[in-house]
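Residue numbers (the working numbering): 51 to 462.
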């Protein structure tokens with residue numbers, strides 16, 4: 051719709067002063083779309099030049115960058131953060147579900163030939179590949195329906211993370227240039243993750259494999275390519291085929307929770323000497339292997355010893371909650387029982403702003419909580435544990451409203 055029509059002899063209107071004021075107000079509140087379109091067009095022209103300079107064919111540049119669209123919704127999603135931090139129970143219980151376990155068991159049986167062959171070649175057990183598959187796309191049920199070129203071009207032309215997404219866009223063009231996928235089939239998440247295992251374009255270029263021998267690395271249409279690529283990725287990240295990810299453990303009365311956290315490692319023999327025992331099944335082997343203790347819901351929730359392979363999972367996704375979910379889902383698919391101590395369901399909601407203020411306060415107390423980002427990462431949990439030790443609390447690194455108030459009071 052246009053508010054102003056071109057002035058012609060056949061069609062002219064006299065704009066009153068009030069009409070002009072109305073138009074100025076409208077344009078001030080809602081700037082014309084052409085302003086965004088113009089800046090996006092200029093950015094895309096620069097991206098086209100950069101792509102050609104990096105050896106991407108004119109055909110791909112014209113076919114893809116010549117047709118990309120600006121997606122305002124992608125910018126909205128990139129800016130959006132949940133108001134509250136998620137509890138372990140909230141995260142874990144929505145991902146490790148009875149239905150996902152049942153379907154994972156069915157699929158591991160259905161594709162046993164393929165998965166067993168990949169395990170022999172890579173050392174990655176089938177249960178882990180299927181677990182990643184379940185968490186990433188619900189076993190291929192949803193890849194995302196965003197045009198990856200459109201999403202990445204939109205993010206590349208946004209200043210917040212332009213450098214990162216420009217490289218991912220160029221990598222996506224290289225994938226198309228190689229003939230692995232056509233632009234119209236390159237769909238994924240709003241941030242550009244693609245296929246059964248949700249690889250970013252850079253991960254695709256570095257680790258994707260043509261396992262079915264058809265001359266293309268097709269992570270959308272070929273389950274063989276997708277599974278082999280995921281196994282190759284994990285192997286290159288350093289997966290140890292002689293280790294599990296970890297296991298649920300039982301802690302003795304009076305346990306020193308200051309030992310918890312990824313930053314603290316002891317050998318499995320040393321953990322056993324401190325009274326840490328497996329809830330079910332044999333203890334993790336070998337005893338000289340180092341492991342860390344995690345208590346994601348605090349001392350009242352489940353406890354886990356996690357090995358080197360847990361850190362490998364976290365190189366796929368930097369979330370402890372994600373890695374715990376992958377590991378436990380893999381075990382459940384493989385027939386292991388549910389957790390002996392389920393995650394606490396009654397955890398309070400704590401906002402990201404509260405976590406930011408907590409980080410500021412802990413840093414002010416001389417306890418390094420890392421960057422002030424509102425994210426409850428390992429460094430912030432370690433800082434909470436140190437504060438708990440200083441104030442004669444159970445040093446489990448778990449945050450609740452009482453602790454928030456105690457830290458706030460300590461800086462006053």
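The beta-carbon is built from N, C-alpha and C at its ideal position, and this holds for glycine as well.
Which word fits residue 176, buried or exposed, when buried means at least 16 other C-beta atoms lie within 10 angstroms of its C-beta? buried
When you compare only the Cα positions, how much space is there between residue 355 and residue 339? 11 Å
Anyone know if the C-beta pair for residue 408 and residue 454 falls short of 8 Å? yes
In the DSSP assignment, the beta strand (DSSP E) including residue 404 goes from what residue to what residue? Where residue 404 is concerned, there is no enclosing beta strand (DSSP E), although the alpha helix (DSSP H) it sits in stretches over 402-414.
Along the chain, where does the alpha helix (DSSP H) containing residue 167 start, and where does it finish? 162-172
Where the beta strand (DSSP E) through residue 390 begins and ends: Segment: none, residue 390 is in no beta strand (DSSP E) and carries neither H nor E.
Hey, could you find the ends of the alpha helix (DSSP H) residue 439 is sitting in? 428-440
Delimiting residues of the alpha helix (DSSP H) encompassing residue 176: 176-187
Just mark residue 344 as buried or exposed, buried being the case when its beta carbon has 16 or more other beta carbons within 10 Å. buried
Length of the line joining the Cα atoms of residue 89 and residue 216: 16 Å
When the Cα atoms are used, what is the spatial distance from residue 124 to residue 225? 22 Å
Should residue 83 be labelled buried (16 or more other beta-carbon atoms within 10 Å of its own) or exposed? Residue placement at residue 83 is flagged as unreliable, the pLDDT there being 42, under the threshold of 50; a coordinate-derived value is accordingly withheld.
Could you check how far apart the C-beta atoms of residue 183 and residue 246 are, in whole angstroms? I think they sit under 8 Å. 6 Å
Taking the C-alpha atoms as reference points, what is the distance between residue 360 and residue 430? 19 Å
Checking 8 Å against the spacing of the C-beta atoms, do residue 394 and residue 350 come in under that value? yes
Under the three-state reduction of DSSP, which class applies to residue 343: helix, strand or coil? strand
Contact the stretch 244-261 vs the stretch 137-156: 3+ CB pairs below 8 Å: no
Could you pull the start and end residues of the alpha helix (DSSP H) that residue 326 belongs to? No alpha helix (DSSP H) contains residue 326, which DSSP labels as neither H nor E.
For the beta strand (DSSP E) holding residue 298, just list the boundary residues, first then last. 296-300
Given residue 444, which residues of its chain have a CB within under 7 Å of its CB, disregarding the five upstream and five downstream residues? 307, 349 and 438
Between the C-alpha atoms of residue 341 and residue 277, what's the straight-line distance to the nearest angstrom? 28 Å
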